[in-house]
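Enquirer:
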Amino acid sequence: MRILFATIAADGHVNPLTGLAMHLKAAGHDVRWYTGRSYATRLERLGIPHVPYQRATEVNSENIAELFPERARLRGPALIRFDAEHIFIGNVEQHFEDVRDVDATWPFDALVCDAAFYAARLIKEKLGKRVCSIGVAPSLEIDKDVPPAFSGLRPAGTGVGRLLHRCMGAAMDWLVMGPSKASYNRILVAHGLAPIEWSLFDEPYRSPDVVFQSGVPSLDYPRKAANPKVRFVGALLPYRAQAPAAFPYADRLGEAQRVILISQGTVDNRDPKKLIVPALDALVDSGALLVVGTGHANTEQLRRAYPQANVVVEDYVDFAAVLDRADLFICNGGYGSVLLSLSKGVPEYVGVGINLRSENPSPERIRRAADRVLSEPSWKARAMQLREELSRYRPYELIDAYLATTVAPSAGAQQHTGGMLEPRAAATREPAAPIRQSG
Numbered sequence: 001m002r003i004l005f006a007t008i009a010a011d012g013h014v015n016p017l018t019g020l021a022m023h024l025k026a027a028g029h030d031v032r033w034y035t036g037r038s039y040a041t042r043l044e045r046l047g048i049p050h051v052p053y054q055r056a057t058e059v060n061s062e063n064i065a066e067l068f069p070e071r072a073r074l075r076g077p078a079l080i081r082f083d084a085e086h087i088f089i090g091n092v093e094q095h096f097e098d099v100r101d102v103d104a105t106w107p108f109d110a111l112v113c114d115a116a117f118y119a120a121r122l123i124k125e126k127l128g129k130r131v132c133s134i135g136v137a138p139s140l141e142i143d144k145d146v147p148p149a150f151s152g153l154r155p156a157g158t159g160v161g162r163l164l165h166r167c168m169g170a171a172m173d174w175l176v177m178g179p180s181k182a183s184y185n186r187i188l189v190a191h192g193l194a195p196i197e198w199s200l201f202d203e204p205y206r207s208p209d210v211v212f213q214s215g216v217p218s219l220d221y222p223r224k225a226a227n228p229k230v231r232f233v234g235a236l237l238p239y240r241a242q243a244p245a246a247f248p249y250a251d252r253l254g255e256a257q258r259v260i261l262i263s264q265g266t267v268d269n270r271d272p273k274k275l276i277v278p279a280l281d282a283l284v285d286s287g288a289l290l291v292v293g294t295g296h297a298n299t300e301q302l303r304r305a306y307p308q309a310n311v312v313v314e315d316y317v318d319f320a321a322v323l324d325r326a327d328l329f330i331c332n333g334g335y336g337s338v339l340l341s342l343s344k345g346v347p348e349y350v351g352v353g354i355n356l357r358s359e360n361p362s363p364e365r366i367r368r369a370a371d372r373v374l375s376e377p378s379w380k381a382r383a384m385q386l387r388e389e390l391s392r393y394r395p396y397e398l399i400d401a402y403l404a405t406t407v408a409p410s411a412g413a414q415q416h417t418g419g420m421l422e423p424r425a426a427a428t429r430e431p432a433a434p435i436r437q438s439g
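Once you know that position 68 of the sequence shown is 68 in the UniProt record's numbering, the rest is easy, because the numbers rise by one and skip nothing.
1. Quick check on the DSSP output: what are the complete alpha helix (DSSP H) runs of length 4 or more inside the stretch 55-82, in order along the chain?
2. Which residue from Y53, A321, E397, A119 puts its Cα closest to that of R231?
3. Quick one: is C167 buried, meaning 16 or more other Cβ sit within 10 Å of its Cβ, or exposed?
4. Would L339 pass as a contact of G215 if the rule is Cβ separation under 8 Å?
5. In terms of residues, what are the limits of the alpha helix (DSSP H) holding I189?
6. Compute the Euclidean distance between the alpha carbons of A413 and V176, then round it to the nearest angstrom.
7. Using a 10 Å radius around the Cβ and a threshold of 16 neighbouring Cβ atoms, would you call V160 buried or exposed?
8. From V373 to K380, what distance separates their C-alpha atoms?
9. Note down the Cα distance separating A26 from L46, rounded to an integer number of angstroms.
10. Taking only three categories from DSSP, how would you classify F5?
11. Which residue marks the beginning of the beta strand (DSSP E) containing S23, and which one marks its end?
12. State the Cα-Cα distance for the pair L323 and L390, rounded to the nearest angstrom.
13. Using DSSP with H/G/I as helix, E/B as strand and the rest coil, what is T35?
14. Could you give the first and the last residue of the continuous alpha helix (DSSP H) run that contains C167?
15. Strictly by DSSP, which residues pair up with I330?
16. With 16 as the cutoff for other CB atoms within 10 Å, does K344 come out buried or exposed?
17. Just how far apart, CA to CA, sit A305 and G254?
18. Would you identify the three-state DSSP class for R270, choosing helix, strand or coil?
19. Can you tell me where the alpha helix (DSSP H) with V373 in it begins and where it stops?
20. Compute the Euclidean distance between the alpha carbons of R100 and H29, then round it to the nearest angstrom.
21. Relative to the C-alpha of L17, which residue among Q308, R240, A256 is closest?
22. Can you give me the Cβ contacts of G19 inside the same chain, cut-off strictly under 7 Å, excluding the 5 residues immediately before and after it?
23. Can you give the beta carbon distance from T7 to F96, rounded, assuming they're within the 8 Å contact cut?
24. Roughly how many angstroms separate the alpha carbons of D11 and K129, rounded to a whole number?
25. Considering E44, what are the terminal residues of the alpha helix (DSSP H) in which it resides?
26. From G295 to N269, what does the alpha carbon distance come to, in whole angstroms?
27. If you run the structure through DSSP and keep just helix, strand and coil, what is V322?
28. Going by CA-CA distance only, name the one from S180, D327, L342 that's closest to L79.
29. Given a cut-off of 8 Å on the beta-carbon distance, is the pair V112 and I134 in contact?
Okay, structure coming up:
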C-alpha cells in the first residue's frame, strides 16, 4: 500500500507520527512524507523518502519571527486569529496543489495527516483519497458540554455556566476564527466544494474519513455526544530506535534519591526564564537530581549559571530513559510530553498535577506545586491510573486494522466501515488534574 504522510512543519505535529510511519514502513508499506524542507535530514535518518513543500511556505519555530514580525506583538485571541489565518489556512491551497502533483507521479492509496493539515478535505474530495487524520493535541472539537477552545476552563456545572460557555464559544468562532473560516470557504468554493457551515475548530473532525486521537478518553473532556469518526488509540509516540544512545548520566539516575526532569519544549524555548530558570531556582537546593533538556537553546548559559552537582543540563535528553526513573516532570504542556510521561506513570508539572495558569511562574509557585505533587500520594496514584489506561491500547494494531479493512492498494478505495476500534467509554472519563503552565 502506498501511504503519504502530510504534516505542517512543526515538531509537535511531525514527531508523534514518526513511530506510526516507521511501523507501517516495517510492515512493508511504501511510505513517503510531505512536509517542510527542515525535516529532510530527520526523515533521511529514518529511511523515509521526503517530499518537500514546493508551493507551500514552510513556517517553523526558526523562521516564524522573520516571516511574520508582527506576530511577536500579539497575545491571546489576537494571536490565535493570526495563526489560524496565516499558518493553518494560509497554506491550504498550496498544500493541496503540492499533494496533487505528488499523486500525479506517485499515486498513493491513503493520506495520513496531522489534524492541523486543513488541506485534508480537498485531498479527500478532489483526489478521491482515503484520509486518516491523527489528533496530535487535545481535541478542540466543539461540544455543548465542553468549554470553549483555549479557554482553560473546566466543564460548567450549572445551566448558567453552560450558557456562558456557549456565548464565549460563539464569540470565539465569530470574532477569532471568522476571518480564517471565510478564507477557507473561499478556497473550497474555488475548487467546486460547498463551504462549511460549522466551526473551523470542528473541520479536522469532520473532513477526514477517520480521526485517530492520540491519548485516551480520560484525557478528554466528558462528551455526551461522541463523534463516530474519532477513535482513541492510546499514546502515539515518536519513533525510538531499538538501541538509543545511552544517557551519559544513567548511573546518577540510579543513585539519586529523587529525579526531576525539566523541559521547556522545542518551540517556546528561546527564553529559559519562562520555565527552566524559575524551576531550577525553586529546586536546586531540594537535593533532587535535576535533569534539564534545553532543545539546543541556552545550554552553555544555563550550565554556567547552575554549576551545582545535582544539575544536569543537556541539549538533548532521552526523555523515555529519564522518565523511567523520574519522580516528577516539569514542562510547558506539549501533548507528546504529557503522553510519554503518563505512559511511564510519572506525575507532571503539567499533565497530572496542579495548574499554575501562568506563562512565567515564580520559583515559589513552582516549589509549592512540586512539593505538593511529590508529597501527596494522590498525584502519583492518578498518574498510575492513566498509565494503566494507556497500556490497554495498541495504537498500531488499531490503525493497521482500519487500513486493512478500508483501503485497497491502488484502488482509490471509497468504501467505509462502521464501528469503533476501541470503545470510547471503555475507560473512566474523569478528567486528569494537571500542574499546567498556561500559554
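No residue lacks a Cβ here, since even glycine has one placed at the ideal position from N, Cα and C.
Expert: Taking the structure as given:
1. 64-67
2. Position 231 of the sequence shown, counted from the start, is the residue given in the question as residue 231. The shortest Cα separation from R231 among Y53, A321, E397, A119 belongs to E397.
3. Residue 167 sits at position 167 when you count from the first residue of the sequence shown. The residue in question, C167, is exposed, as its Cβ has fewer than 16 Cβ neighbours within 10 Å.
4. As a position in the sequence shown, residue 339 is number 339, starting the count at 1. As a position in the sequence shown, residue 215 is number 215, starting the count at 1. Yes.
5. Here residue 189 refers to the residue found at position 189 of the sequence shown. The sequence shown places Val at residue 189, rather than the Ile named in the question. Run containing V189: 178-190, per the alpha helix (DSSP H) assignment.
6. In the sequence shown, counting from the first residue as 1, residue 413 sits at position 413. In the sequence shown, counting from the first residue as 1, residue 176 sits at position 176. At A413 the pLDDT is 37, less than 50, meaning the model places this residue with poor confidence and gives no usable figure here.
7. Counting from one through the sequence shown, the residue named residue 160 turns up at place 160. So V160 counts as exposed.
8. Residue mapping note: residue 373 aligns to position 373 of the sequence shown, counting from 1. Residue mapping note: residue 380 aligns to position 380 of the sequence shown, counting from 1. Taking the straight line from one Cα to the other gives about 8 Å.
9. Within the sequence shown, residue 26 is the residue found at index 26, counting from 1. Within the sequence shown, residue 46 is the residue found at index 46, counting from 1. Cα to Cα, the separation comes out at about 11 Å.
10. Numbered from its first residue, the sequence shown carries residue 5 at position 5. In this structure, F5 counts as strand in the three-state DSSP scheme.
11. To locate residue 23, count along the sequence shown from 1; it is residue 23. Per the sequence shown, the amino acid found at residue 23 is His instead of Ser. Here H23 belongs to no beta strand (DSSP E); instead the alpha helix (DSSP H) covers 11-26.
12. Looking up residue 323 in the sequence shown gives position 323. Looking up residue 390 in the sequence shown gives position 390. Distance between the alpha carbons of L323 and L390: 16 Å.
13. Within the sequence shown, the letter at position 35 stands for residue 35. DSSP, reduced to helix, strand and coil, places T35 within a strand of the structure shown.
14. Reading the sequence shown from its first residue, position 167 is the one you call residue 167. First-last of the alpha helix (DSSP H) with C167: 159-171.
15. Here residue 330 refers to the residue found at position 330 when the sequence shown is read from its first residue. DSSP lists I262 as partners of I330.
16. Numbered from its first residue, the sequence shown carries residue 344 at position 344. When all chains shown are included, K344 counts as buried.
17. As a working mapping, residue 305 is identified with position 305 in the sequence shown. As a working mapping, residue 254 is identified with position 254 in the sequence shown. Approximately 25 Å, taken between the alpha carbons.
18. By one-based count along the sequence shown, residue 270 stands at place 270. R270: coil per DSSP, three-state reduction.
19. Numbered from its first residue, the sequence shown carries residue 373 at position 373. Residues 363-375.
20. As a working note, residue 100 is residue 100 in the sequence shown. As a working note, residue 29 is residue 29 in the sequence shown. In this structure, the straight-line span from the alpha carbon of R100 to that of H29 is close to 20 Å.
21. Position 17 of the sequence shown, counting from 1, holds the residue named residue 17. Selected option, being the one with the closest Cα: R240.
22. Reading the sequence shown from its first residue, position 19 is the one you call residue 19. Within the same chain, and ignoring the five residues on either side of G19 in sequence, the residues whose Cβ sits closer than 7 Å to its Cβ are L236, L237, P238, Y239.
23. Along the sequence shown, one-based indexing puts residue 7 at 7. Along the sequence shown, one-based indexing puts residue 96 at 96. In this structure, T7 and F96 do not form a Cβ contact; the two beta carbons are roughly 15 Å apart against a cut-off of 8 Å.
24. Position 11 of the sequence shown holds residue 11. Position 129 of the sequence shown holds residue 129. So the alpha carbons of these two residues sit roughly 25 Å apart.
25. For the purposes of this step, residue 44 is identified with residue 44 of the sequence shown, where counting begins at 1. It spans 40-46 - the alpha helix (DSSP H) in which E44 sits, taken as one unbroken run.
26. Translated into the one-based positions of the sequence shown, residue 295 becomes position 295. Translated into the one-based positions of the sequence shown, residue 269 becomes position 269. For G295 and N269, the distance between alpha carbons rounds to 7 Å.
27. In the sequence shown, counting from the first residue as 1, residue 322 sits at position 322. Helix, per DSSP.
28. Reading the sequence shown from its first residue, position 79 is the one you call residue 79. For the residues S180, D327, L342, the minimum Cα distance to L79 belongs to S180.
29. As a first step, residue 112 is located in the sequence shown; it is residue number 112 there, counting from the start. As a first step, residue 134 is located in the sequence shown; it is residue number 134 there, counting from the start. Contact flag set, yes.
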